[in-house]
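Those letters in the sequence shown? Residues 51 to 226, per our numbering, in order. A virtual CB, placed ideally from N, CA and C, is assigned to each residue, including glycine. Predicted model, so just to flag it, every value in this text is computed and none were measured. A short worksheet on the structure shown next.
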Amino acid sequence: MNINEKRYTLAILVNNHPGVLMRVVSLFSRRGYNIDSLSVGETEQEMISRITIVVTGDRPVVEQIKKQVGKLIDVKRVYEMTQNKSLQRELIMVKVSTKNENRSEVVELAQIFKAKIIDVTSGTVTLEMTGSLDKIQSFLDLMMPFGIVEMARTGITALERGGRALSSISLSEDEQ
């Protein structure tokens, strides 16, 4: 990442139809943009899905991405989620190598970070944690010396702070 690049989180509201995600993601790949994180799911309205994409780039590139995505069929809205005006979280599951002499240290760190122990074997502890990118990275940095056996991440999911809902799109608005 160069000095002008930073991470941007985009919330994209789309019609919940087969192939929509593929069209959005293929736009990124055709243009040579890398997706750092991708999370998709239905909203409170089953006919609308929310795609949350984190990309790294400079401001002009992100503006171009927003415009191009906004032109795609079935895209209802593209919204940039800023750090201070949104709540952004990720779920991570991480399997850490443990021995009898260091297991208590892993458990103690898990408690400090509010990670949940979901499995224990004679040689590993598997943890589940939700948090911001910074919190998750700090946790992973502390787990590295023990040995990370396996890891899975969901990607960022984000909602705007406050009472406004991005996905409050009624069908009547779309038909006008």
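Practice item. Measure the C-alpha to C-alpha separation of Asp169 and Lys145 and round it to an integer number of angstroms. Key: Counted from its first residue, the sequence shown places residue 169 at position 119. Counted from its first residue, the sequence shown places residue 145 at position 95. One Cα belongs to Asp169, the other to Lys145, and the distance between them is close to 9 Å.
Exercise for review: May I ask you to list the residues that DSSP assigns as paired with Leu159?
Suggested key: Within the sequence shown, the letter at position 109 stands for residue 159. Beta-bridge pairing links Leu159 to no other residue.
Point to revise | Cβ pair count under 8 Å reaching 3, the region 171-190 against the region 136-154 | key: Yes, they touch.
Point to revise | Residue from Gln114, Leu71, Ile62 and Asn66 with nearest C-alpha to Gly82 | key: Position 32 of the sequence shown, counted from the start, is the residue given in the question as residue 82. With distances taken between Cα atoms, Gly82 lies closest to Gln114.
**Study point:** C-alpha distance - Asn66 paired with Arg214, whole-angstrom precision
**Key:** Position 16 of the sequence shown, counted from the start, is the residue given in the question as residue 66. Position 164 of the sequence shown, counted from the start, is the residue given in the question as residue 214. Whole-angstrom Cα-Cα distance: 21 Å.
Practice item. Note the first and the last residue of the continuous alpha helix (DSSP H) segment covering Leu122. Key: Reading the sequence shown from its first residue, position 72 is the one you call residue 122. From DSSP, Leu122 is part of no alpha helix (DSSP H); its letter is neither H nor E.
Practice item. Would you decide whether Ser76 is buried or exposed? Buried here means 16 or more other CB atoms lie within 10 Å of its CB. Key: Counted from its first residue, the sequence shown places residue 76 at position 26. Around the beta-carbon of Ser76, fewer than 16 other beta-carbon atoms lie within 10 Å, marking it exposed.
Point to revise | Three-way DSSP call (helix, strand, coil) for Met143 in this model | key: In the sequence shown, the residue the question calls residue 143 occupies position 93. Here Met143 sits in strand by DSSP.
Review point. So does the region 113-130 actually touch the region 152-163, counting three or more Cβ pairs closer than 8 Å?
Key: No: the two stretches stay apart, fewer than three of their Cβ pairs being nearer than 8 Å.
Check your understanding: Looking only at DSSP bridge pairs, what is Leu177 linked to?
Key -> Counted from its first residue, the sequence shown places residue 177 at position 127. Partner(s): Val144 and Ile167.
Practice item. Can you tell me which of Asp86, Gly120 and Ile123 puts its alpha carbon nearest to the alpha carbon of Thr106? Key: Looking up residue 106 in the sequence shown gives position 56. Here the closest residue by C-alpha is Asp86.
Point to revise | Rounded C-alpha distance that separates Glu200 from Met97 | key: Here residue 200 refers to the residue found at position 150 of the sequence shown. Here residue 97 refers to the residue found at position 47 of the sequence shown. Going by the C-alpha atoms only, they are around 35 Å apart.
Exercise for review: Apply the 10 Å Cβ neighbour rule to Arg80 and answer buried if 16 or more other Cβ atoms are within range, or exposed otherwise.
Suggested key: Counting from 1 along the sequence shown, the entry for residue 80 is found at position 30. Looking at its Cβ environment, which holds fewer than 16 other Cβ atoms inside 10 Å, Arg80 is exposed.
Check your understanding: Between Glu55 and Met131, which are expected to be in contact by the criterion C-beta below 8 Å, what is the C-beta distance as a whole number of angstroms?
Key -> Residue numbering aside, residue 55 sits at position 5 when the sequence shown is read from its first letter. Residue numbering aside, residue 131 sits at position 81 when the sequence shown is read from its first letter. Contact doesn't hold; Cβ gap of about 17 Å is too wide.
**Study point:** Minimum C-alpha distance to Met72 - residue among Ala202, Pro110, Asp124 and Leu60
**Key:** Stepping through the sequence shown from its first residue, residue 72 is reached at position 22. If we check each option's Cα against that of Met72, Asp124 comes out closest.
Point to revise | Strand pairing of Thr207, partner residues [DSSP] | key: Here residue 207 refers to the residue found at position 157 when the sequence shown is read from its first residue. DSSP, once it has assigned bridges, lists Arg139 as partnering Thr207.
Check your understanding: Who does Ser76 pair with in a DSSP beta bridge?
Key -> Along the sequence shown, one-based indexing puts residue 76 at 26. Residue pairing from DSSP leaves Ser76 without any beta-bridge partner.
Point to revise | Proximal residues to Arg57 (C-beta, below 7 Å), its chain only, five neighbours per side dropped | key: As a working mapping, residue 57 is identified with position 7 in the sequence shown. Taken in chain order, the residues that qualify are Asp86, Val104 and Thr106.
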